[in-house]
Structures are given as C-alpha cells and as structure tokens.
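Position 7 of the sequence shown, counted from 1, bears residue number 11 in my numbering, the numbering being contiguous throughout.
For every residue, glycine included, the Cβ atom is placed at its ideal position computed from N, Cα and C.
This one's a predicted model, so the numbers in the text were calculated from it and none came from an experiment.
Read through the structure below, which is laid out as structure tokens, and then see the notes.
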Amino acid sequence: HLSIFTSLLASSGISADLDRRTSLTILAVPNSHLRFSPTASPATLADVLRCHVLLQYLTWSDLRRTPPAGALVTTLLQTTGYAPTNLGSLNITFDPTSGVVSLHPLNNSTVSANVLSLLKTVPYNLSIFTVDSLLAPHGVDLMASEAGPPSPPLNITRALIDGHNFNVAAAMLAASGVVEEFEADEGGAGITLFVPTDQAFANLPSTVQLQALPAEKKSLVLKFHVLHSYYPLGSLESIVNPVQPTLATEDNGAGSFTLNISRVNGSVAINTGIVQAVVTQTVIDENPVAIFGVSKVLLPREIFGKDVEVNLGNGSGTFVEAKPPEVGAAPPEEGYGGPTSHLGEISGGGRSGGGVMNLRSSWGLVVLCVGILLYV
C-alpha cells in the first residue's frame with residue numbers, strides 16, 4: 005500500500021541521497037492518502053518528498069515527549085537552499101488527550117499530517133512512520149499542474165552568493181559573461197555545476213594565475229566546471245561512464261576538457277588529471293539545475309599542462325588524494341525536544357566502514373519494508 009510513494013522516491017532521485025545520511029526519520033504516505041495533481045511538476049514533487057525526510061532519528065517516545073509549544077525538526081528540503089530561513093522545517097505537535105502526533109510545515113497551517121503508525125526502526129539510524137497526508141512546503145500547491153508559463157531560469161550568480169562560500173566563483177562568472185550561457189542551457193537536459201569554494205581558490209599555488217589568463221581561456225576554465233546534463237548527487241555516485249564531457253568540450257572537440265567522476269572513500273571525486281576534488285556540499289539540486297560545492301579548482305590539462313604542481317592546501321606542493329568530509333555521530337535519543345539540529349549539507353565517508361554499512365543497510369531496510377508491504 006506504499007507503492008506510489010516508493011515509486012516517487014525512486015523516480016525523483018532522492019533515495020540515492022539518503023544513502024549518504026544517518027539519523028533519519030521517513031514519513032511515508034500510503035496510497036489511499038496520496039492526493040496530488042497527476043501533472044504536478046517533477047521539481048514540485050521532489051521538494052514535497054524532501055519535506056518527508058527528517059534529518060533526525062525519532063521514536064514514538066520522542067514524538068510523545070514533544071513539548072506543548074511543539075518542536076521544529078529540519079527536513080531534507082532545508083539542505084537544498086530553496087527554503088528561505090527555516091521554512092524547510094516541520095513543526096511537530098502532540099495532543100496528550102487524543103494521543104495524536106501531527107506535523108505541519110511552517111507558514112502553511114492549512115496543510116498537516118497525522119502519524120498513523122510506526123513501520124520500522126533501526127536504533128539511532130532510521131525510523132519509518134506512515135502519515136495520513138502529503139506535506140507541502142510553504143508556497144507549493146500540490147494540485148497545481150505544469151501547464152502555464154515556464155519558470156524563469158535559475159539565477160546562478162545569486163544562488164552562489166546566497167551560498168555564502170562561493171563569492172570568488174560568483175564574481176568570476178559575472179565578469180566573464182558565461183553565466184548567461186549557463187542559464188540558457190538550463191532547458192532541455194539541464195546542467196550540473198561544480199563550483200570551487202572560496203577556500204579552494206585561496207589554496208591555489210602562486211604558479212596558477214587564473215585572473216592573468218586571456219578572457220577566452222578563463223571562459224574555458226569556467227566551462228570546464230559544467231556538465232551539459234542535470235545530475236543529482238545519486239546519479240553522480242552511480243555514474244556509468246566516468247569520463248564526462250564538459251561545456252568546454254563542446255567548444256574544443258570530443259575527448260578534450262573531460263572530467264573523470266568516480267567514488268573515492270564514499271565521496272564523489274572529480275579528477276582532471278592534475279587535480280582531484282571532492283564534492284563537499286549541495287548548493288542547489290532542483291531539476292534541471294544541480295550546483296555542487298567542490299574542494300578544489302578544477303584545472304584542465306589542456307591549459308595548465310600535465311606536470312604542474314598544485315598545492316592542495318597541505319603545504320606539500322604535490323598532488324595528494326583529497327580526504328572526504330567527516331560523518332558526525334548519531335545524536336542520542338534523549339536529545340529530541342531541544343534546539344533544532346541543522347546537519348551539514350553532505351555527510352560522507354570519513355566514518356568507520358561499519359558506520360557506512362549501517363547507513364546503507366538502513367536505507368535498504370526502507371526499500372525492503374516498503375516492498376514487503378506491497379504484498380500485504
């Protein structure tokens with residue numbers, strides 16, 4: 005009786021993102037309680053589904069200890085950057101008289117869902133509850149269709165400025181004029197941008213002078229950071245062809261200006277032949293645009309040669325494999341009800357192997373439990 009919800013999770017690509025997280029609570033909606041327009045846009049449905057993934061492990065006892073004023077819990081939607089302030093959070097309330105636990109998005113009191121049952125729990129890693137309604141975040145109309153004027157392209161420069169860690173990249177894009185080309189490419193197959201953080205630019209050695217490059221080469225370096233297709237994080241993790249052409253490839257011919265994308269120690273790694281960077285955070289993941297923060301500036305061999313020594317910030321001046329970000333320990337159960345916990349954008353394989361296996365097994369249990377219920 006959860007087949008539709010399961011199908012929506014799989015088709016949206018969200019299930020792949022969950023493989024990288026611990027301490028989750030999933031709010032699954034049975035078929036009989038699903039209400040939405042069949043022509044609702046994929047982007048809208050993806051945001052709605054993200055609203056059903058709580059970035060905190062909760063049990064029945066946690067929910068029933070909710071204070072009278074309610075408690076805020078962060079959802080996966082908050083990590084996309086599309087939810088302003090804390091509008092990607094849910095408010096949880098508990099009625100001690102009826103025993104009903106309810107959830108509703110902030111600034112959208114017309115939408116609420118009651119918890120029906122506990123489907124599965126894996127202590128400190130995963131809980132799956134069923135609820136009686138889809139939860140639409142603020143500003144989302146589940147009954148609206150895709151018909152109507154197309155949405156304007158995402159303002160990439162503004163999205164980077166709002167990310168607070170990409171000021172150098174935003175300035176370079178705005179000055180070069182290529183950002184307009186990127187935004188024009190948002191239609192069709194979409195685009196994926198790998199944007200170096202401000203620290204990544206600061207770690208460049210003095211021998212790499214990006215600002216001194218001619219305008220044409222500077223433009224190629226920026227285009228080298230862009231794939232001409234939309235890839236959510238889960239797709240990057242399971243990419244079949246690791247050698248990917250970039251927008252710079254289109255200007256210079258097949259086989260040039262390509263990136264090698266793979267998984268290294270649980271993180272998405274991007275290798276140019278000179279530099280290996282890792283994805284450190286998701287800035288925007290909204291079909292048809294994905295923007296990921298990366299730990300290093302991606303330097304193409306076609307411009308900087310094969311023998312350039314690139315300082316990766318460890319003082320050695322030579323290439324070393326970048327370490328993936330750390331995964332924080334799961335919060336203790338009794339911590340619920342305190343201040344809202346805001347987890348990092350992307351948690352990846354710095355934890356022990358056992359922790360990663362527990363995480364993947366936990367999400368596997370989601371699929372297994374839902375699959376079993378399809379036959380009930």
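- Burial check for residue 210: the Cβ neighbour count within 10 Å stays below 16, so the residue is exposed.
- Under DSSP, residue 200 shares a beta bridge with 298.
- Under the three-state reduction of DSSP, residue 82 is assigned to helix.
- About 6 Å separates the beta carbon of residue 233 from that of residue 194, a gap short enough to meet the 8 Å contact definition.
- At a Cβ-Cβ threshold of 8 Å, residue 281 and residue 274 count as neighbours.
- Distance between residue 54 and residue 82, taken at the CA atoms: about 8 Å.
- DSSP places residue 284 inside the beta strand (DSSP E), whose first and last residues are 280-290.
- Take residue 204, set aside five residues on each side of it, and the residues of its chain with a beta-carbon closer than 8 Å to its own are 281, 298, 299, 300 and 301, in chain order.
- Residues 246, 247 and 275 of the same chain have their beta carbon placed closer than 7 Å to that of residue 264, with the five preceding and five following residues left out of the count.
- If you look at residue 171, you'll find it in the alpha helix (DSSP H) that goes 171-180.
- Boundaries of the beta strand (DSSP E) harbouring residue 98: 93-99, taken from the DSSP string.
- Per DSSP, the unbroken alpha helix (DSSP H) holding residue 9 starts and ends at 7-16.
- A contact is defined here as three or more CB-CB pairs under 8 Å, and the stretch 156-163 meets this definition with respect to the stretch 174-181.
- Excluding its 5 nearest sequence neighbours in each direction, residue 94 has C-beta neighbours in its own chain below 8 Å: 55, 58, 76, 77, 79, 107, 108, 109, 110 and 139, listed in chain order.
- With a cutoff of 8 Å on beta-carbon distance, residue 96 and residue 67 are scored as near each other.
- A Cβ-Cβ contact shorter than 8 Å links residue 141 with residue 92.
- For residue 262, there is no enclosing alpha helix (DSSP H); the enclosing beta strand (DSSP E) covers residues 262-268.
- Residue 260 and residue 277 have their alpha carbons spaced roughly 12 Å apart.
- In this structure, the alpha-carbon of residue 134 lies about 8 Å from that of residue 30.
- Shown here, residue 183 sits in a helix according to DSSP, grouped into three states.
- Cα atoms of residue 27 and residue 127: separation of roughly 9 Å, rounded to the nearest angstrom.
- Using a Cβ distance threshold of 8 Å, residue 202 and residue 170 count as a contacting pair.
- Using a 10 angstroms sphere on the CB of residue 220, the tally of other CB atoms stays under 16, which defines it as exposed.
- Take the alpha-carbon of residue 186 and the one of residue 304: they are about 19 Å apart.
- Under the DSSP assignment, residue 47 falls in the alpha helix (DSSP H) whose first and last residues are 46-54.
- Residue 161: member of the alpha helix (DSSP H) spanning 160-166, first to last residue.
- By the C-beta density criterion, residue 215 is exposed, having fewer than 16 other C-beta atoms within 10 angstroms.
- When the five nearest sequence neighbours on each side are left out, the beta carbons in the same chain lying within less than 7 Å of the beta carbon of residue 136 are those of 37, 117, 118 and 120, in order along the chain.
- Under the DSSP assignment, residue 307 falls in the alpha helix (DSSP H) whose first and last residues are 305-308.
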